[in-house]
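In what follows, a structure is listed as C-alpha cells, so that the remarks can point back to it.
2 protein chains.
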Amino acid sequence: MDQRREPTMRDVAALARVSTKTVSRVINGLPGAGPEVVERVREAARTLGYRPNLTASSLRRSDRRSATLGVLLEDLSNPFDAALLRAVEDRARQNDVLVLAGSSEDDAVLQRELLTSLAIRRVDGMVVMAVGGHQDALQQERERGTPMVLVDRPPTFGGTDSVTTTNRDSSREAVLHLAGLGHRHIAFLGDRQTVWTSQERYTGYLEGLARTGLTLREDLVRTDLRGPDAAASATAALFDLDEPPTALFTAQNLVTVGAMRALRDLDLHHRVALIGFDDFPLADMLEPGVTVLRQDVPALGRKAAELIFNRITGDQSPPTHAVVPATLVQRGSGEIPPPPDQHSPRPDPRRTPARS
Amino acid sequence: MDQRREPTMRDVAALARVSTKTVSRVINGLPGAGPEVVERVREAARTLGYRPNLTASSLRRSDRRSATLGVLLEDLSNPFDAALLRAVEDRARQNDVLVLAGSSEDDAVLQRELLTSLAIRRVDGMVVMAVGGHQDALQQERERGTPMVLVDRPPTFGGTDSVTTTNRDSSREAVLHLAGLGHRHIAFLGDRQTVWTSQERYTGYLEGLARTGLTLREDLVRTDLRGPDAAASATAALFDLDEPPTALFTAQNLVTVGAMRALRDLDLHHRVALIGFDDFPLADMLEPGVTVLRQDVPALGRKAAELIFNRITGDQSPPTHAVVPATLVQRGSGEIPPPPDQHSPRPDPRRTPARS
DNA sequence: TCCTCCTACGTCAACGTTGACGTAACCAGT
DNA sequence: ACTGGTTACGTCAACGTTGACGTAGGAGGA
Numbered sequence: 001m002d003q004r005r006e007p008t009m010r011d012v013a014a015l016a017r018v019s020t021k022t023v024s025r026v027i028n029g030l031p032g033a034g035p036e037v038v039e040r041v042r043e044a045a046r047t048l049g050y051r052p053n054l055t056a057s058s059l060r061r062s063d064r065r066s067a068t069l070g071v072l073l074e075d076l077s078n079p080f081d082a083a084l085l086r087a088v089e090d091r092a093r094q095n096d097v098l099v100l101a102g103s104s105e106d107d108a109v110l111q112r113e114l115l116t117s118l119a120i121r122r123v124d125g126m127v128v129m130a131v132g133g134h135q136d137a138l139q140q141e142r143e144r145g146t147p148m149v150l151v152d153r154p155p156t157f158g159g160t161d162s163v164t165t166t167n168r169d170s171s172r173e174a175v176l177h178l179a180g181l182g183h184r185h186i187a188f189l190g191d192r193q194t195v196w197t198s199q200e201r202y203t204g205y206l207e208g209l210a211r212t213g214l215t216l217r218e219d220l221v222r223t224d225l226r227g228p229d230a231a232a233s234a235t236a237a238l239f240d241l242d243e244p245p246t247a248l249f250t251a252q253n254l255v256t257v258g259a260m261r262a263l264r265d266l267d268l269h270h271r272v273a274l275i276g277f278d279d280f281p282l283a284d285m286l287e288p289g290v291t292v293l294r295q296d297v298p299a300l301g302r303k304a305a306e307l308i309f310n311r312i313t314g315d316q317s318p319p320t321h322a323v324v325p326a327t328l329v330q331r332g333s334g335e336i337p338p339p340p341d342q343h344s345p346r347p348d349p350r351r352t353p354a355r356s
Numbered sequence: 001m002d003q004r005r006e007p008t009m010r011d012v013a014a015l016a017r018v019s020t021k022t023v024s025r026v027i028n029g030l031p032g033a034g035p036e037v038v039e040r041v042r043e044a045a046r047t048l049g050y051r052p053n054l055t056a057s058s059l060r061r062s063d064r065r066s067a068t069l070g071v072l073l074e075d076l077s078n079p080f081d082a083a084l085l086r087a088v089e090d091r092a093r094q095n096d097v098l099v100l101a102g103s104s105e106d107d108a109v110l111q112r113e114l115l116t117s118l119a120i121r122r123v124d125g126m127v128v129m130a131v132g133g134h135q136d137a138l139q140q141e142r143e144r145g146t147p148m149v150l151v152d153r154p155p156t157f158g159g160t161d162s163v164t165t166t167n168r169d170s171s172r173e174a175v176l177h178l179a180g181l182g183h184r185h186i187a188f189l190g191d192r193q194t195v196w197t198s199q200e201r202y203t204g205y206l207e208g209l210a211r212t213g214l215t216l217r218e219d220l221v222r223t224d225l226r227g228p229d230a231a232a233s234a235t236a237a238l239f240d241l242d243e244p245p246t247a248l249f250t251a252q253n254l255v256t257v258g259a260m261r262a263l264r265d266l267d268l269h270h271r272v273a274l275i276g277f278d279d280f281p282l283a284d285m286l287e288p289g290v291t292v293l294r295q296d297v298p299a300l301g302r303k304a305a306e307l308i309f310n311r312i313t314g315d316q317s318p319p320t321h322a323v324v325p326a327t328l329v330q331r332g333s334g335e336i337p338p339p340p341d342q343h344s345p346r347p348d349p350r351r352t353p354a355r356s
C-alpha cells in the first residue's frame, strides 16, 4: 500500500530494450513493431504493471480527447436525474468514455462553477440540464466551441442541440383526459416558474382547458411550489375554497408527492382525481395507483448521449431538437370521476335562489 | 460555435508581455509578481478568455493531483446509490474535486474495467461499492497505492478503509421486533448471497431467531432473489406452504418492493407483517406504511468522502472501519400482529387427528 | 563604497506521451 | 548492381504547465 511511483513508458522501454516510441506503438496497437518486439514490450509492461497515463496522452495527441463527458444535472439524488445519468453513462461506456457528474441545484452560480470545473478538465463535451433563468454561462461556454447538449430543457440561445419531452402536448392530454371524465374544476400545481418545463406544462394545461371550453380559474393555479411540503400545503389550501377542484394536475414529481400526501391527510385521495407529470417508483402501489405522464427517461438519456457523441466526432449539421414522447399511464387516480353534481351544472343563483 | 483553439498561458504571456512563468504565478496566486504586472496578466487572461488546463498542470505538478475522485457504485439509478453519490459529490465539492461515476452492475469484469478506466485517468482516489465475490481487482488496485474507501461492504483484504451500516444488528432488531409481537414464523427474503450485506443481514436474522428461541424453518428462507419480480414470486410461493409465515423480513429494497407487490396481489398486505432493509421513497404513503430499517445514506457518503480525502492528503493512520447505525422506522407493516392462533400452538396431528 | 539580501522577474527542463520525420535493413524488379 | 518501396525501428520536439534555479535591480547595513 506504499506510494510507489507509477511506471511510465520509459520504464517499460528500458526493460524491453526498445525506445518509448515503440512502446507507444505496442500499447496503442499501431503497426510498425515486429512480433518479437511486441511480445517483449507486452511482457515488460506486464511485469512492471504499466498502465498508460491518459491525461498525458490526451495532452499530446492531436485530437485532444480526454474520453470524459461532463454531465450537469439538477440533483443527482432525484430519481429522474439519476435515471438520466445512468442512461448517459451506459451509452458513454460504449465509447470508453467516463462521466464527470455534478448537481447544479438549480443555482446559476453553482452551475457556472461546475461548468468551469468541467472546462478546465477539458471534457470532450457536456450534457446539461440548464438552471432556470438566464443561460448566459451556458451560451458563453457553447460559443467557445464546447460540444453541448441540453436535456429536459431547451436552450434559449441558438446553435445547440437539445432533448426534451412532450411537455405541452402531454399536459394538454392529461387535462383532456380529466375533462373527458366530466371534471370542470381542474387545479394546476407546478414548481418554479423560471423552469422551462413548468411553463410548458402550464401552457399545456391552458390549452387543455381552452380545448374543452373550460374557463381558467386562477384560484386553482398554484405555482412556484418548491418541494413536497409546499405542494402539500398548497393542495390543502385548495380545499378551503368555496368551490374546490375535483381534479388536480401536478406538473412535477415532487409536487405530485406533496399533493398526494395532502389528499391522503384530507381523506380525499379516493374522491379527487390526480394526474402527475413524471412517473416515480411505486406509483402503482399506492391506493389509488397514481396516473402519470411517464417520460421515457432512458430514451432521453440515450438520445442526449448520441447527439453529444456525434458532435464530439465532428458532426457539423444544424442543431437538433429531439422530442421524446411521454405517455399517459392510467393507474386509477386519474380515472376518478367528479362527484355526482351538487354544483354543476350549477344553477345560476340569481335565477334559482339557493336553498340554505 | 467554431472550434477555436483554447488560449494557453503562452498566449496570455505574449499579450501581457511577460514570461509564461509569470502568468503561472498570477493565475495560481503565487508571490513574485508586482501589482502592475498582475493587473496586466489578469487583463490579458480576461480578454483572451484564458482558462488553465488542469490536465497539463497536474501532469507537471509534484503532487500529481487531478482533483478528481472515482466513485464506483452498483447502479447509479438505484435510489440508494444515487443518494450515496450525491453525498460524496457534495463533500467533494468543498475540496474543488469532481466525481467520475460508474455503475459496476455487480459484475466483476465490468468493475475491473471501470477500475482501470479510473486509474488511467489518474484519479486521486476511489470510493467503491465492491461487487460480490472475489475482490482481487480491488486489492490489486489498492496494493498499487491508490487511495480507496469501500462503501456499503467492507474489504476482504487488509489495509483499506470502509464505511458500512449496522446490517447484522439492525436485522436482529427487526426480527426481535416481530417476535415481540408474537410472530413465530418469520420468513427471510434476500438478494444475491455473494453480496456481503446479504450475508450479514441473514446472520442477523438467525441471531434474532436464536435470541427469541425460535427455530429456523429453512422453507421460510429464500435467497438470491434478483429484482422485484423474483422476490414477488418467491413471496407468493411462501403462501403455498402448509404453514405459511405470518411475518416477512426482506433484506434489500428491491426485494421489499417485490414482496409488497405479492402481498398486495394476495390481499395479505394488511394481515402479514413486513419489515424491509433500506428505506425507499413513498414507503410511508403505502397502505400500510412500510416499516423499514433506514440507513443514513448521506452520513455513509459523507463519511466515505471524509476518509478518502484524509488518505489523499497523506493520512497514514491504521485503516478505519466506520459503522453508521440504521434505525427502525415503524410505519405499520411491521406492527401487524400474528393472526389469533389457529395453528399455533399447533396440535400434534398424531395425537389430535386433523379433521378434514 | 561594497557586500548582502530581497523582490521581481526570466530561462530551462521536465511531467508522460505521441506526431513528424529520419534511417537502416531488406525485398522486388530491372 | 541500382532504384524504389516497404518494414521496423529510433530521434526529436512538442502538448501546457510548473519546479528549480538564475539574474538584474534596488534596498539596507557596515
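Residue numbers (this note's numbering), protein chains in the order written: chain D, 1 to 356; chain U, 1 to 356. Here a beta-carbon is modelled for each residue, glycine too, at the ideal position from N, C-alpha and C.
Boundaries (first-last residue) of the alpha helix (DSSP H) holding residue i
i	result
U/F249	Segment 247-250 is the beta strand (DSSP E) holding U/F249; no alpha helix (DSSP H) there.
D/D161	Note, D/D161: premise wrong, no alpha helix (DSSP H); beta strand (DSSP E) at 161-165.
U/V257	253-265
D/R46	35-48
D/M9	9-16
U/T55	54-60
U/A304	297-312
U/R86	79-93
Spatially closest choice to residue i from the options, by CA coordinates
i	options	result
U/E243	U/R331, U/R192, U/P288, U/A187	U/A187
D/K21	D/V38, D/R217, D/T235	D/V38
D/D75	D/G102, D/V127, D/D90, D/V97	D/G102
U/Q193	U/L181, U/T212, U/R51, U/D224	U/D224
U/S117	D/L72, D/S162, D/S66, D/F249	D/S66
D/A232	D/G190, D/D124, D/Y205, D/Y50	D/G190
U/N167	U/H185, U/V195, U/G180	U/V195
D/A273	D/V71, D/L282, D/A259	D/A259
U/S333	U/A14, U/D90, U/I275, U/A237	U/I275
Residue burial classification, residue i (beta-carbon count within 10 angstroms, cutoff 16)
i	result
D/S77	buried
D/R355	Reliability fails at D/R355, whose pLDDT of 37 lies under 50, so the model's placement of it is uncertain and the value that follows must be treated cautiously. With fewer than 16 other Cβ atoms within 10 Å, it is exposed.
U/P338	buried
U/L387	Past the boundaries of the shown model lies residue 387 of chain U; chain U is included only from 1 to 356, so the question cannot be answered.
U/R142	buried
D/V18	buried
U/H185	buried
Residue i - containing beta strand (DSSP E), residue span
i	result
D/M126	125-128
U/T146	Looking at the DSSP string, U/T146 is not in any beta strand (DSSP E), and its letter there is neither H nor E.
D/I275	273-277
Length of the line joining the Cα atoms of residue i and residue j
i	j	result
D/V26	D/P228	57 Å
D/G29	U/D169	53 Å
D/R153	D/R93	24 Å
U/T55	D/L59	7 Å
U/R217	U/A82	36 Å
U/H321	U/L69	20 Å
U/E43	D/V131	29 Å
D/R346	D/P340	Confidence at D/R346 is low in this model, with a pLDDT of 41, below 50, so its placement is unreliable and the value that follows should be read with caution. In a straight line, the C-alpha of D/R346 is about 12 Å away from that of D/P340.
D/P31	U/Y202	55 Å
U/E207	U/H270	27 Å
D/L84	D/V151	9 Å
D/D348	D/P245	Reliability fails at D/D348, whose pLDDT of 41 lies under 50, so the model's placement of it is uncertain and no value is given.
U/P318	U/A305	17 Å
D/L362	U/F239	Only positions 1 to 356 of chain D appear in the structure, and residue 362 of chain D is not among them; the question remains open.
U/A179	D/E287	29 Å
U/H177	D/S104	42 Å
Check distances from the C-beta atoms of the segment 104-123 of chain D to those of chain U and list, in chain order, the residues that come in under 9 Å. L110, E113, L114, T116, S117, L118, A119, I120, R121, R122
Output, in sequence order along the chain, the residues in the segment 234-257 of chain U whose CB is closer than 9 Å to any CB in chain D. V257
What are the residues of the segment 68-87 of chain U that lie near chain D, defined by any Cβ-Cβ distance shorter than 9 Å? T68, G70, V71, D75, L76, S77, N78, P79, D81, A82, A83, L84, L85, R86, A87
Members of the segment 41-59 of chain U near chain D, C-beta cut-off 9 Å: G49, R51, P52, N53, L54, T55, A56, S57, S58, L59
Residues of the segment 152-165 of chain D with Cβ closer than 7 Å to any Cβ of chain U, in chain order: G159
What residues in the segment 269-291 of chain D have a beta carbon less than 9 Å from any beta carbon of chain U? F280, P281, L282, A283, D284, M285, L286, E287
Output, in sequence order along the chain, the residues in the segment 294-318 of chain D whose CB is closer than 8 Å to any CB in chain U. none
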